[in-house]
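Its first residue numbered 1, the sequence shown is counted upward by one per residue in UniProt numbering. Don't be surprised by glycine CBs; every beta carbon is placed ideally from N, CA and C. Scroll down for the structure; my scribbles are underneath it.
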Amino acid sequence: MSDQRFIIEMGMGNDQYGQDYTKAAGRAIEDAIRHSSIPMFAALGKDPKEMRVQVTVGVQEPEKVDCDALVAHLPRGRAEVKAVFGGMNVTNPDDGNVLVIASAAVEAFLPKQV
């Protein structure tokens with residue numbers, strides 16, 4: 001049985017001083033899910049554990065993202081986090097500090113109803 005997507009939320013996060021890609025990605029995910037309220041589970045008698053959550057975070061250096069640490073912070077469902085090339089790094093020309101900006105897409109799926 002295939003899954004059907006019922007939610008997609010987008011978010012943005014950054015780390016201004018530590019060049020921490022995981023921190024920036026975590027903030028982007030928090031930004032996305034902070035805007036969501038899903039009364040559907042109670043209304044339909046569904047268990048949130050049935051939900052599959054797929055998160056894609058975009059950063060300039062995806063290999064520096066600890067995806068397992070990000071999964072641990074997702075509040076519901078069976079989660080998976082994938083880091084891809086995206087986001088943005090902005091360098092302050094005065095002091096060379098690099099601002100890391102991450103984007104996130106959080107998608108939620110339930111088994112398709114037949």
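Below 8 angstroms between beta carbons: does that hold for residue i and residue j?
i, j, result
"valine 100", "valine 59", "yes"
"serine 2", "lysine 112", "yes"
"alanine 32", "alanine 102", "no"
"threonine 22", "aspartate 94", "no"
"valine 57", "leucine 74", "no"
Considering residue i, what are the terminal residues of the beta strand (DSSP E) in which it resides?
i, result
"methionine 88", "88-91"
"isoleucine 7", "3-15"
Among the options, whose alpha-carbon lies nearest the alpha-carbon of residue i?
i, options, result
"threonine 91", "Pro48, Glu80, Gln19", "Gln19"
"leucine 110", "Leu44, Ile29, Arg27, Gly11", "Leu44"
"glycine 61", "Val71, Pro75, Arg76, Gly87", "Going by the sequence as given, residue 61 is glutamate instead of glycine. Cα-wise, what sits closest to glutamate 61 is Gly87."
Given this structure, state the Cα-to-Cα distance separating residue i from residue j, to the nearest angstrom.
i, j, result
"serine 37", "tyrosine 17", "32 angstroms"
"lysine 64", "phenylalanine 85", "11 angstroms"
"methionine 40", "arginine 5", "13 angstroms"
Assuming residue i and residue j make a contact with CB atoms under 8 angstroms, what is their CB distance in whole Å?
i, j, result
"valine 55", "glutamate 30", "Actually they are not in contact, since the Cβ atoms of valine 55 and glutamate 30 sit about 11 angstroms apart, beyond 8 angstroms."
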